[in-house]
Amino acid sequence: MKPDGPPITPAGMAALRARYDHLLGTERPAIVEVVSWAAGNGDRSENGDYLYGRKRMREIDRELAFLARRMKFVRVVDPARQEDRSRAWFGATVTIADEDDNQRVLTLVGDDEQDAGKGLIGWSAPLARALRGAAVGDLRRVVLPGGEKEWEVLEIAYP
Numbered sequence: 010m011k012p013d014g015p016p017i018t019p020a021g022m023a024a025l026r027a028r029y030d031h032l033l034g035t036e037r038p039a040i041v042e043v044v045s046w047a048a049g050n051g052d053r054s055e056n057g058d059y060l061y062g063r064k065r066m067r068e069i070d071r072e073l074a075f076l077a078r079r080m081k082f083v084r085v086v087d088p089a090r091q092e093d094r095s096r097a098w099f100g101a102t103v104t105i106a107d108e109d110d111n112q113r114v115l116t117l118v119g120d121d122e123q124d125a126g127k128g129l130i131g132w133s134a135p136l137a138r139a140l141r142g143a144a145v146g147d148l149r150r151v152v153l154p155g156g157e158k159e160w161e162v163l164e165i166a167y168p
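Numbering (the numbering used here), first residue to last: 10 to 168.
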């Protein structure tokens, strides 16, 4: 874990660990068993179970390697320990409104745990970068693919 790596919440790190453990402890052994069985059936060049199993095993190994590198690289930041709760920092849940008074509630999380449908915005996303350090009442301008948009910070909360 690097002290200057990209941030992730404890829940996000737990999700990465759970995915890693599931792949290593459940999916990979099941695929190894299928490949072993298929290899014993003779000709491997036209054996669909063998070919698909080997392909799936490579995919799992690639994802395991990615998850292992990612878990070493990220920095776990607990938003509940944020000292300056008057401003929007990592882990903050921010309520914003645009010029048309359309409100959105967003939580600033690590890039590995972003999910726009659930209101989880990655730390390096343009909107999250614009909201960093914002206080209630601040206006923040964001350049989006559809053009520039201005948002007002209405509320900031931490877990």
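Just so you know, even glycine gets a beta-carbon here, dropped at the ideal spot from N, CA and C.
Inter-residue Cα distance where the pair is residue i and residue j
i: R53; j: R67; result: 17 Å
i: E159; j: V114; result: 15 Å
i: A47; j: D58; result: 6 Å
i: W132; j: T35; result: 31 Å
i: H31; j: A101; result: 30 Å
i: G6; j: D110; result: Because residue 6 is not part of the residues shown, which for the chain are 10 to 168, the question remains open.
i: R37; j: A24; result: 18 Å
i: D124; j: G155; result: 20 Å
i: F75; j: G119; result: 16 Å
i: G51; j: T116; result: 54 Å
Contact check, residue i vs residue j, beta carbons under 7 Å
i: E164; j: T104; result: yes
i: P88; j: Y29; result: no
i: V83; j: P15; result: yes
i: P21; j: V43; result: A small correction: the amino acid at residue 21 is Gly; Pro does not occupy that position in the sequence shown. No, the Cβ-Cβ distance between G21 and V43 is not below 7 Å.
DSSP state of residue i mapped onto helix, strand, coil
i: D58; result: helix
i: D52; result: coil
i: M22; result: helix
i: G156; result: strand
i: P16; result: strand
i: E161; result: strand
i: A166; result: strand
Closest Cα partner of residue i within the set the options
i: I17; options: G126, A106, D70 and K81; result: K81
i: L148; options: Q91, R78 and R96; result: R96
i: I40; options: V118, Q123, V151 and I69; result: I69
i: A106; options: G49, R26 and V151; result: V151
*Please specify which runs of the beta strand (DSSP E), each continuous and at least 3 residues long, are wholly inside the stretch 88-133, giving them in chain order.*
Correct list: 102-106, 112-118 and 129-131.
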